[in-house]
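Participant: Before I ask anything, let me first share the structure, which is written out below as structure tokens.
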Amino acid sequence: MKRLTADDMVREYLKRVRAALESLSGSRREEIVLELEQHIRDARQGLNPDDEAGIVGILDRLGSPGEIAQASGVIPSSGKFDIWVPWALLLGGLVFFVGWLVGVGLLWSSQTWCLRDKVLGTVIWPGGLFLPLSVLLGVGGATSCTVSSSGASQCHSSGFVMPWPLGIIILIVVVAAPVTVAVHLDRVRRHRLAA
């Protein structure tokens, strides 16, 4: 793979800036890019033309294309399906698990949420409320009791059975976690829209 030269790095940076400023008018976008080009030219005056570390320092001081776009008044767009993402993650597992998978796909393809939000939405809890509701509906262990002719009763448990206080605590956690994440994702979406 060909190594990027200092000039390649500048071209790639300016290309990303143009993409980040896409919602601005063409003349305003080019005005900002020309200012950046001039600043880079001025800053490179004292550098060796092939000084890649120096170019990285210059570009870092200018800021990321997203930061430049935000400083220029560009509001990051929210995807048209973003409103459904938190609820697809929360309730989608109840629709043959496909709804949850759709929610994860929409979450990762959206620019509304940062990487941390995307990881939270994916791993806490996969399937959303599917697991706690299936536990509530009795999937898992079962207990059967028989009464002998002498009046003594015998109960046998099959499957996985845990003490009920521990089960209630676990159930609260596995319900609260996906609900909390869905509320957080929706709050982030609303904040981005308000900005």
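Take any residue in the sequence shown, note its place counting from 1, add 1015, and you have its number in our numbering.
The beta-carbon is built from N, C-alpha and C at its ideal position, and this holds for glycine as well.
In this text, all values refer to a predicted model and were calculated from it rather than measured experimentally.
#1: Can you check whether the CB of G1108 is closer than 9 Å to the CB of P1141?
#2: Bridge partners for V1162 per DSSP, in chain order?
#3: If you follow the alpha helix (DSSP H) that V1071 is part of, which residue opens it and which one closes it?
#4: What do you get for I1070, buried or exposed, if any count of 16 or more other CB atoms within 10 angstroms of its CB means buried?
#5: Quick check: the Cα distance between V1196 and L1019, rounded to an integer number of angstroms?
#6: Out of curiosity, what's the CA-to-CA distance linking L1106 and L1029?
#7: Can you list, in chain order, the residues of its chain with a C-beta nearer than 8 Å to that of S1163? Leave out the 5 residues immediately preceding and following it.
#8: Return the residue from the list I1083, T1137, P1180 and V1119 that minimises the CA-CA distance to S1038.
#9: May I have a chain-ordered list of the alpha helix (DSSP H) segments no shorter than 4 residues that lie completely inside the segment 1085-1119?
#10: In chain order, what residues of the same chain have a beta carbon less than 7 Å from the beta carbon of P1147, not counting five sequence neighbours either side?
#11: Compute the beta-carbon to beta-carbon distance between G1032 and P1064, rounded to the nearest angstrom, for a pair I have assumed lies under 8 Å.
#12: Does the beta-carbon of R1131 have 16 or more other beta-carbons within 10 angstroms, so that it is buried, or is it exposed?
#13: Would you identify the three-state DSSP class for L1036, choosing helix, strand or coil?
Facilitator: Judging by the given coordinates:
#1: Counted from its first residue, the sequence shown places residue 1141 at position 126. Counted from its first residue, the sequence shown places residue 1108 at position 93. Going by C-beta atoms, P1141 is nearer than 9 Å to G1108.
#2: Along the sequence shown, one-based indexing puts residue 1162 at 147. V1162 pairs with S1168.
#3: Here residue 1071 refers to the residue found at position 56 of the sequence shown. Here the alpha helix (DSSP H) through V1071 covers E1067 to L1077.
#4: Mapped onto the sequence shown, residue 1070 falls at position 55. So I1070 counts as buried.
#5: Here residue 1196 is taken as the residue at index 181 of the sequence shown, counted from 1. Here residue 1019 is taken as the residue at index 4 of the sequence shown, counted from 1. Approximately 41 Å, taken between the alpha carbons.
#6: Locating residue 1106 in the sequence shown gives position 91, counting from the first residue. Locating residue 1029 in the sequence shown gives position 14, counting from the first residue. C-alpha separation (whole angstroms): 42 Å.
#7: Counted from its first residue, the sequence shown places residue 1163 at position 148. Excluding positions up to five away in sequence, the list reads Q1169.
#8: For the purposes of this step, residue 1038 is taken as residue 23 along the sequence shown, with counting starting at 1. Checked all of I1083, T1137, P1180 and V1119; the closest Cα to S1038 is I1083.
#9: 1100-1106
#10: Here the question's residue 1147 lines up with position 132 in the sequence shown. Excluding sequence neighbours, P1147 sits near L1186, V1189 and V1190.
#11: One-based indexing of the sequence shown puts residue 1032 at position 17. One-based indexing of the sequence shown puts residue 1064 at position 49. Residue identity differs from the one stated: residue 1032 is Val in this sequence, not Gly. Rounded, the Cβ-Cβ distance is 21 Å, inconsistent with contact.
#12: Indexing the sequence shown from 1 puts residue 1131 at position 116. When all chains shown are included, R1131 counts as exposed.
#13: Your numbering for residue 1036 matches position 21 in the sequence shown. The answer is coil: DSSP assigns L1036 none of H, G, I, E or B.
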